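Engineer:
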Amino acid sequence: MWTFSCPFIAYGDNALDYLAQIRGKKAFIVTDKNIVKLGLTKPVTDQLDAANIEYQIFDEIEPEPSLTTIKKGGIAVGQYQPDWVIGLGGGSCMDAAKAIIILLVRPDLDPDGIVASDTYNFRDKARLMAIPTTSGTGSEATWAIVLTDTEFQRKVGLGTTECMPDVAILDTVMVAGMPPQLTAETGMDVLTHAIEGYTSTWGTSFTDAPGLIATRQAFKYLAKAFQNGDDLEARQEMMYAATLGGMSFGNSMAGLGHSTGHALGAIFHLPHGRTVGLFLPYTMEYLINGSEETTAKYAEIARFCGIGSGTDLECAKALVARIRELAKEIGQPFSVKDLNIDKAKYEESIPGLIDRALNEVMTITVTRIPGEEDLDKIFRYAYDGRTIDF
Ligand SMILES: NC(=O)c1ccc[n+]([C@@H]2O[C@H](COP(=O)([O-])OP(=O)(O)OC[C@H]3O[C@@H](n4cnc5c(N)ncnc54)[C@H](O)[C@@H]3O)[C@@H](O)[C@H]2O)c1
Ligand SMILES: [Fe+2]
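Residue 5 is where the sequence shown starts when you use the numbering used here, and the numbers rise one by one after that.
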């Protein structure tokens, strides 16, 4: 049996007005200090005030949130006993909210003990809302939680299907002020989710549909949003593309760009979108070289987005070239070397990178599953910016 899940979505102009309609008494807002400083909590708390809903702001979430911070949030939510938990921010805050709401009913748990096979029934106590302020992770429409184990420098993918937010509110005012670099990095994450969701071996027609549209919109609007942050149409379309991307990979699975990118990000402490976007074209080349099935799917994407012409192989290669062109246009690195990572240090870390990538489920939801040897080569080629020729 397969299932498709997504939240109830309020979107469009004044989408935050939806907050006035929710029923409840107390909301626990999970966010970060930067979001508070930027004034992005205010439009939310104004609505809660108007609706007579009390709230408490927990603003201690750091980018790529650590297990320790989640534990702290768990204690705070336990003391407050809300009937709504609101993840307000980028993927880090939304993911943190998903973990924290579980600790509300299971204060005994260590956050990395949240497992997909368990049932938590947190809705007996509180409901979950996500309000994204970046257009990237799609966390508002997935049940995935990505936390960082700082002790072992590894990312931990957690979550259960219960962690799908009940409500997602997509209001352009929350993303309109993103600086260009954050726009670019989170936008590359959208593109990677959409393409990997569409080509995942766990994909279905339900995940193909949002994956295709999200890819097309990212090609159409990402550079515009990067170049002119005031282009509200581009901002809105990228925000929708992020959610659609989440619906796609969240109901199928991401792929090799994510497993390799996660590994690099965990060891060298780099933002998620920058690393997965960097590995996307290399891992696509790897799949093209060994899988006619995925090549055909890339060609479908290319044709749908009006990229390239000719055979499946030609279209698939044109898609990879278009991704590289877009990445360049928005100032994203072409190779690991461009990230100013010392070559000797990088080479030393390759066994660790391989080990982390091999431990990700996303490494096996593709049509050509790399072993240690191929991963070693992928990591080395990506450092130098070489075309994957194996
Ligand atoms: N759950 C999922 O499905 C999923 C998918 C992909 C990634 N992730 C995870 O999400 C996290 C990354 O999330 P992200 O890329 O959204 O970034 P983020 O949440 O880590 O935020 C990065 C920085 O941008 C700032 N920021 C957020 N919104 C802003 C705005 N509107 N204006 C200015 N600054 C703003 C934040 O305060 C923070 O300092 C990682 O931990 C990643 O592993 C989760
Ligand atoms: Fe991602």
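Even for Gly, the Cβ is constructed at its ideal location relative to N, Cα and C. Treat the numbers as computed from the prediction; the structure is a model and nothing was measured.
By how many angstroms is the C-alpha of Leu268 removed from the C-alpha of Lys1?
Structural biologist: What is shown of the chain runs 5 to 394, which leaves residue 1 out entirely.
Engineer: Between Ala300 and Trp6, what straight-line distance do the alpha-carbon atoms span, to the nearest angstrom?
Structural biologist: Rounded to whole angstroms, the gap between the alpha carbons of Ala300 and Trp6 is 24 Å.
Engineer: Are Thr137 and Gly93 closer than 8 Å when you measure CB to CB?
Structural biologist: yes
Engineer: Span of the beta strand (DSSP E) holding Arg158?
Structural biologist: Arg158 to Leu162
Engineer: Please list, in chain order, all residues of the same chain as Gly95 whose beta carbon is under 6 Å from its beta carbon, the five residues on each side excluded.
Structural biologist: In its chain, beyond the 5 residues on either side, Thr141 and Ser143 have a beta carbon closer than 6 Å to the beta carbon of Gly95.
Engineer: With H, G and I counted as helix, E and B as strand and the rest as coil, what does DSSP make of Val324?
Structural biologist: helix
Engineer: Hey, out of Met178, Leu151, Ile135 and Thr203, whose CA is closest to Asp170's CA?
Structural biologist: Ile135
Engineer: Would you check if there are 3 or more beta carbon pairs closer than 8 Å linking the stretch 207-225 to the stretch 146-153?
Structural biologist: The stretch 207-225 and the stretch 146-153 do not touch, with fewer than 3 CB-CB distances between them shorter than 8 Å.
Engineer: DSSP state of Lys29, grouped into three classes?
Structural biologist: Of the three classes helix, strand and coil, the one that applies to Lys29 here is coil, per DSSP.
Engineer: Could you tell me which residues DSSP puts in a beta bridge with Tyr15?
Structural biologist: Leu174
Engineer: Using only alpha-carbon positions, find the residue among Ala213, Thr287 and Trp147 that is nearest to Val370.
Structural biologist: Thr287
Engineer: Along the chain, where does the alpha helix (DSSP H) containing Pro47 start, and where does it finish?
Structural biologist: Counting along the chain, the alpha helix (DSSP H) containing Pro47 begins and ends at Lys46 to Ala54.
Engineer: Is there at least one non-hydrogen atom of ligand 2 closer than 7 Å to the beta-carbon of His276?
Structural biologist: Taking 7 Å as the cut-off, one finds at least one heavy atom of ligand 2 near enough to the beta carbon of His276.
Engineer: Is Asp175 near Ala322, with beta carbons less than 8 Å apart?
Structural biologist: no
Engineer: For Gln336, count neighbouring Cβ atoms within 10 angstroms of its own Cβ and tell me buried if that reaches 16, exposed if not.
Structural biologist: Gln336 should be labelled buried.
Engineer: Could I get the ranges of all uninterrupted alpha helix (DSSP H) runs contained in the stretch 76-157, with 4 residues as the minimum, in chain order?
Structural biologist: Correct list: 95-109.
Engineer: With burial defined as no fewer than 16 other Cβ atoms inside 10 Å of the residue's Cβ, what is the status of His266: buried or exposed?
Structural biologist: Buried.
Engineer: In whole angstroms, what separates the C-alpha of Gly395 from that of Tyr302?
Structural biologist: Nothing about residue 395 can be read from this structure; the chain reaches only from 5 to 394.
Engineer: Can you tell me which of the three DSSP states Phe472 falls into?
Structural biologist: Only positions 5 to 394 of the chain appear in the structure, and residue 472 is not among them; the question remains open.
Engineer: Based on the DSSP output, what are the partners of Gln60 in its beta bridges?
Structural biologist: Phe32
Engineer: So that I know if they touch, is there some Cβ in chain C lying closer than 8 Å to that of Tyr225?
Structural biologist: Going by chain labels, chain C is absent from the structure shown, which holds only one protein chain.
Engineer: From the DSSP output, which residues share a beta bridge with Ser70?
Structural biologist: Thr152
Engineer: Looking only at its own chain, which residues have a Cβ that is under 6 Å from the Cβ of Ile33, when we skip the five neighbours before and after it?
Structural biologist: Cβ neighbours of Ile33 within its own chain (closer than 6 Å, five residues either side excluded): Tyr59, Ile61, Ile90 and Leu92.
Engineer: Counting C-beta neighbours from all protein chains within 10 Å, is the total for Pro86 16 or more, i.e. buried, or is it exposed?
Structural biologist: Burial call: buried.
Engineer: Tell me the DSSP secondary structure of Glu364 in three-state form.
Structural biologist: coil
Engineer: Where Ala225 and Met178 are concerned, what is the direct C-alpha to C-alpha distance, given to the nearest angstrom?
Structural biologist: Correcting the residue identity first, residue 225 is Tyr in this sequence and not Ala. Going by the C-alpha atoms only, they are around 17 Å apart.
Engineer: Measure the CB-CB distance between Ala229 and Val194 and report whether it falls below 8 Å.
Structural biologist: no
Engineer: Does Asp128 pass the burial test, meaning 16 or more other C-beta atoms within 10 Å, or should it be called exposed?
Structural biologist: exposed
Engineer: Is Asp380 near ligand 2, going by C-beta to nearest heavy atom under 7 Å?
Structural biologist: Asp380 Cβ: outside cutoff for every heavy atom of ligand 2.
Engineer: Short of 8 Å in beta carbon distance, which residues of its chain neighbour Lys347, apart from the five on each side in sequence? Order them along the chain.
Structural biologist: Lys341 and Tyr387
Engineer: Return the first residue and the last residue of the alpha helix (DSSP H) that Lys301 is part of.
Structural biologist: Where Lys301 is concerned, the enclosing alpha helix (DSSP H) starts and stops at Glu296 to Phe308.
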